[in-house]
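A short write-up of the structure that comes next.
Residue numbers (the working numbering), protein chains in the order written: chain A, 243 to 732; chain B, 243 to 732; chain C, 243 to 732; chain D, 243 to 732.
Rendered as structure tokens:
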């Protein structure tokens, strides 16, 4: 910030005002500290608006040219970090417009013709969210691709599958990784749906009731890469649905990562010992020289809190607001930025951490030895021999209770004795209590049969690549962006 | 409930258990008090599963017939309210299976073959959510249709448009109503997207790792009207994404209704007097004989709290859970049921209340007289005369401040004097400060031009009808439902 | 409910109403389905109000006697489960008043003199919350007492202490249990503070502006055991602070229990094996015969979600409401009841489960062997020998890294070799790496020195007893309760 | 930040580490961007710790002197804004310690003796929260005092009191303002309770299990102004209760302010016109020259969302964490800082805005004329004449309905005709329907009787002053702060 909060104001709406603004008011009103993040989108939106105004004969061509040239220098300064943001100029929109006026003089005053800050911020937020969600889709695709690749490499590695954090039935490391990949692809689906829904232009809605000037809304929409225009001006400036939708997707996405985080914390503990996280993803203790703490995995878990909190923040802010724009809606930006930034960081760190994690085959196999992970398989064998499932279940459960009391296992007792106790054939038992056979017996869609896991991993890699392609398509620059970049004339 | 909490248990998994369950444990474990809501879906799912087991040769045809017949009588009893739910039998699944065993004996014990409560509850929830979301889409369509109809009837009724609850620019009642309809259609879009995403069958995922029995997952999926099957067994039983997605849509939907509620509270106040709510939608006071309180409008606002709270409940419950199933996930049902029930009730009451609300033309017109709703139009006129917008804005703002200080208005001062003060032509001013002309000047997409509002209302009616049609398509009974209804053989 | 939702209404405020109430309106308005929970408090409040009215000469003594006698029979019926609740009579207040009218006729119509539903519900909620919070304090005291007793019995049992779920330094089981007890006592402190703050009578505040009748607010306050009266009538009917405060305490309390729940899930896993939960607190699997799932521990974790969600629900409902009463505030009861019910259940089940949990000494000791839990102690010894802490830390950390690479431990390497590598005396090392000595060296307030843990356990038992005594004091019946019970005349 | 995120690390715990930290890991781990806010508290805590170490003979006196002198220069640099914060040094603690080492060399390495980052951050947060909550109590006291003063000046100004946003009964402006003051004093009560509860020293708890070095915990507690020490080392480093408690108080406080904000938005609207907000508290529109938007009142409403969201963030982050410290807990700071900063800003702006608001007597009186605000008073008069309240209520309600249908009021109809219709004496009616008399008839504790409101305003001023005095007492510097300030020797 280049000026103090309490400084004489430089407001663009001060015409009817006799009194100076209260200092704390200026601080609370000013959003430039965070809505700078919209600078690029604001400039792109202004270029589209100015171009349309020119094409409609509302803005002289010379003024248009001055505006475009001026905005390019403003953006160059912002990019270079040498733009002087001013709190007195309240927000990103006023800062940029005032800077433009400083540079090109009177024509800058014509840029806001037929536009209000209400439709301006609405379009900026949609542009920002569009490119940010596209980035998210890209990060998700990368994580899914890392999961696919790691799953492929560990498709055949048996490990205990858990329910209630109790060893339940055998799965493979690849199968577990692909479970997380499925959740990621659903996250991607929500992001892509939200992108479709938000991609309409609110420009031309004015403050709340459109404008009396002869603008062309389709033109700006097209210059900005929107697929159409919003259909109601009151709604267009009051609507923050796409933000809520994106943040809800982020909250669920963060919860997904928190589940990965929890598993990594468990698996990296001395007690499980299933995975080793490389030093790059752990940190030490200021006091305990031996510690290698899985900080990143913990943060994956903890940071879900802030994304959920951000979602709550926006829902509460919107609750009970009459139409159209209310100042409360300024509170939409910080939680939006924080939620998506957090999600994006977590997606990236998860991908890198999982790519680097070293699964510990010995510990995984040791864990399979204990427990009674194949008790269900035994019951299934009894069912194959025509026993009703409930009876088979009770019979095996009673045997397990007996063995636990004797501190022994199926393996230690031996297939012959187990078979005898259950009154079935020894070969049946021997087949049922062998982990690798048990995995291969699960030869059906979605099951941890190692060959199937391998094929699912390959399929997942392709599905992730499709998401990646769609993310890239959304990131293609629109005409107004190309004008800003100098690739197109104004 | 037909038995006390502390009664001797009737558990179906007690084979390995020596001790009785603790009474409070039984109470907390038992979900039958609320998951009864899944009874229909549980029975439909069981019919599909049994049919597939028979077709695969796992279940004898006679047993299948007995199971289907038995389930039909169970459902008949539940529908008639004469089914004896038992807390000791924990949940809806165990209650129904035990009742089936009471009726048909041993074959009931074969129904759970190749199925776990984990994939069973997963399929039940998807079936429940599918039909409930379809209902929601129907309610939304109806509300949008009421809004369209009412908007059509009030397309030409001018009223003040507000920003910051300050009179800003003129709109029409129809325009305001259509703004709310736009939000409803976005809500419908989210519901329909969620329906597509959730419509895959988890059956066959077992407890977490599939099954060793030769089942046909595609068959059950098809009998249940699913478009496919889930692709990972761990994910299939751990996934509650569709619930979160539906509840996030509900939370945003409830916030939309809270905004309508707030407007109705304002508009029904003595101070605004814009709308009269019929007695059927208001209540009296136990103390103040004159009161007609807009309770329903207030509840629209207040009930958004519980839907947001429900969403938070589920997100928190899921946070940090390792795969696959954990008991914490039992906590998904009450918030889900409550959120969608609340949303559905609110949608219906909003539609009925808005259909019955009487807009008060006189009060609306009176409100337009005061304020300076056409100041922007005046500024636009100066712009047309080539003044930069910022200069025009300052000029008009200064004039408004002067008139406020003199306690007068554009109307009272007269077009001639206003024109003189601004240095423009009197005709220009006269045109600018006439509300009906001002509305007609806003002849662009999304603006409150009365003719356009009329056409948008008609378009909205069609868009609502399309949503309604899609909702109905989702409600068409699947094969297993038709078996239950006796329309198809087992 | 004894009548259908849509039945002809039986409203007590229908004087000015021409139209029937809309069926859905009645459903949404009716709170009797849940506010029945306030029946006892409503009757107690009415007895106090009627008694004051009589003493002030507003209510004839005979009417007062009839009202008290009538309310006693109403309460007897409610307690016996034979009271016919009616949805048409909306809420608990109207149900009870109408039932009273059915029984004693006209005098019932005088009971509502100088009272509004607004101050009536306000007083009912305070009475309910007072006795419920007192119960919570009692449950907390019991849990703290169980923790104290169990801590005493395990004061000397070494176990690994964790940070980041990594073994960090040795503590004892008793020390860990007392950590949770500290959190419980803070919860009790918040509950007791809330009790003090809420214990003022809102009766006499009327609908919002008091009454013109000559009532005696101190009298009703005293009959109801309040320590004073509220000081502003608008605030008295608009205030739900005590609910929020209680629910915030519940939310934090539930989070505390979720942390215990997580530890029990971990410790009961095959990988940790630190604790065995008796069958009474676990459940089996419908599919896997060998499972003993720690459902209660999982629910302790999961149910924190709903308490947090309940808190959010109420905060959102209250957000942005103008004074005084608004219908939105009806939404306060369900989350309140749910939050405290849930917290109470969880507190009780935690106490019983911890009392029954069997700690596994062998597994705990085995876990201490591995890891480098005494690395800090070694560094401390270097510090004692005048090395700066940071240098000592680096030196020990480097040694640990070396030993990890060689897959050995301090113990296996032996004190002599360790001493040599660090350049210190062997005796120093030998002392530092013995767990029991290490615990005894921590002879300071709050540390896991076994003798201190023992003494802290004894102190905790006394502190818990004090909380229990305060809880009981709050549960002593007030004069109006004693009238209802027949212990005092009217 | 003086160095880039990806720069070679400067970690203080790197002894056992072979690999460099991953850049994104460093970014996510680094908290110095926000925990700088703890710099003062960190230095104060270090001074206390160093002094105790010296007194216990653990730290040479010369080293202690160097440390204190060094920390004074560090603080001077931080205050002057010339301290070079480094992301590579992760957090405020490491930054300060490393800076100290840069300045005084080896003795800096001795400062962390017998201390861990875990108990260090715990003490820092308590010190920060203690002074911040004391500030909050001061802001609340000021707001309550402004409300008292404004209430005194408007004690006799009648205005409509509302329920359901419907005019209900007459109150006075002073009475309404005092209602809000009551809520503020309850907020203060919660803040002061939290201050008492948090004021114990965790120092000496080490990482989780205390220390083996002979420290004196009471000494550091006393130097830091704590009333005692925490009693369990695991709890001391795992406990964030005071943060949750403070943020819950902030969330409710923010909701209170949102209610004031909503009322100001309503009252400042053209429709109500009850209050004029000075220009200093409103802003203009970029498009509509006539607008004076009550932005601050809207933000009071909107900002409640972020404080609620912050509370949710922390509760979610803590949910399900095993003891003791986990990295997730780093996520406590940003929401804490944001919640209290927001609350503090809002408290201050509310006080200033209310002090400057101009109540519009004419509009208030005009609003009283319409409606039937005295219908209850009429019913009360019938009760005085021995009619049961319910009968009186119905009679008056029927009359009101009749008058509404005829578009007339009690006033227009005249006391005589009203009396006739109700069958009572004309004088009774005349008295009942005069607003000023009606207010004076409410001569009871808490009611809007103008004289009583006046006296309550005076009492409120005194109560606010007491809160202010307590706030100031909490702000008195402790011994370690006085050492830092140079008022005491080290």
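Backbone N, C-alpha and C define an ideal beta-carbon position, used for all residues, glycine too.
Query	Result
Kindly provide the ranges of any beta strand (DSSP E) runs that are 3 or more residues long and lie completely inside the segment 361-423 of chain C, ordered along the chain.	400-405 and 408-414
So if DSSP puts residue 601 of chain D in a beta bridge, which residue, or which two residues, is it bridged to?	D:517
Using a Cβ-Cβ distance under 8 Å, would residue 444 of chain B count as near chain F?	Given the protein chain composition of this structure (A, B, C and D), no chain F is represented.
Which residues in the same chain have their Cβ closer than 6 Å to the Cβ of residue 419 of chain B, if we skip the five residues on either side of it in sequence?	389, 392 and 393
Residue 406 of chain D: which of C:360, C:640 and C:606 sits nearest, CA to CA?	C:360
Is there a C-beta anywhere in chain D that falls below 8 Å from the one on residue 546 of chain A?	yes
With a threshold of 8 Å, are at least 3 pairs of Cβ atoms found where one atom belongs to the segment 408-426 of chain A and the other to the segment 444-453 of chain B?	yes
Residue 618 of chain C by DSSP, collapsed to three states: which one?	helix
Within the 8 Å Cβ cut-off, does residue 431 of chain C reach chain D?	yes
Looking at the strands, I want to know which residues DSSP matches up with residue 470 of chain A.	A:442
From which residue to which residue does the alpha helix (DSSP H) around residue 450 of chain B run?	Where residue 450 of chain B is concerned, there is no enclosing alpha helix (DSSP H), given that its DSSP letter is neither H nor E.
When the Cβ atoms of the segment 665-676 of chain A are set against those of the segment 601-609 of chain A, are three or more pairs found closer than 8 Å?	no
Find out if the Cβ-Cβ distance for the pair residue 564 of chain D, residue 508 of chain C is shorter than 8 Å.	yes
Counting only runs that start and end within the segment 686-721 of chain D, where is the beta strand (DSSP E) found for 3 or more residues in a row?	none
Taking the straight line between their C-alpha atoms, what separation do you get for residue 672 of chain B and residue 681 of chain B?	14 Å
Would you call the CB atoms of residue 710 of chain C and residue 488 of chain C closer than 8 Å?	no
Of the choices B:455, B:486, B:422 and B:479, whose alpha-carbon is the least far from that of residue 480 of chain A?	B:422
Helix, strand or coil for residue 525 of chain A, going by three-state DSSP, please let me know.	strand
Thinking C-beta only, is residue 547 of chain D closer than 8 Å to residue 558 of chain A?	yes
Can you give me the start and stop residues for the alpha helix (DSSP H) that residue 332 of chain C sits inside?	Premise fails: residue 332 of chain C is in no alpha helix (DSSP H) and is neither H nor E.
Can you look up residue 649 of chain B in the DSSP assignment and give me helix, strand or coil?	coil
Can you look up residue 271 of chain A in the DSSP assignment and give me helix, strand or coil?	helix
Excluding sequence positions up to five away, which residues of its chain have a Cβ less than 8 Å from the Cβ of residue 700 of chain A?	390 and 394
With a threshold of 8 Å between beta carbons, is residue 336 of chain B in contact with chain A?	no
Against residue 511 of chain D, what residues of chain B qualify as contacts under a CB-to-CB distance less than 7 Å, listed in chain order?	407 and 408
Per DSSP, residue 535 of chain D is paired with what?	D:525
Please go through the same chain and pick out, in chain order, the residues whose beta-carbon is closer than 7 Å to the beta-carbon of residue 440 of chain B, but skip the five residues on each side of it.	368, 371, 372 and 484
Between which two residues does the alpha helix (DSSP H) holding residue 671 of chain A run?	668-674
Using the Cα positions of residue 517 of chain A and residue 677 of chain A, report the straight-line distance between them to the nearest angstrom.	20 Å
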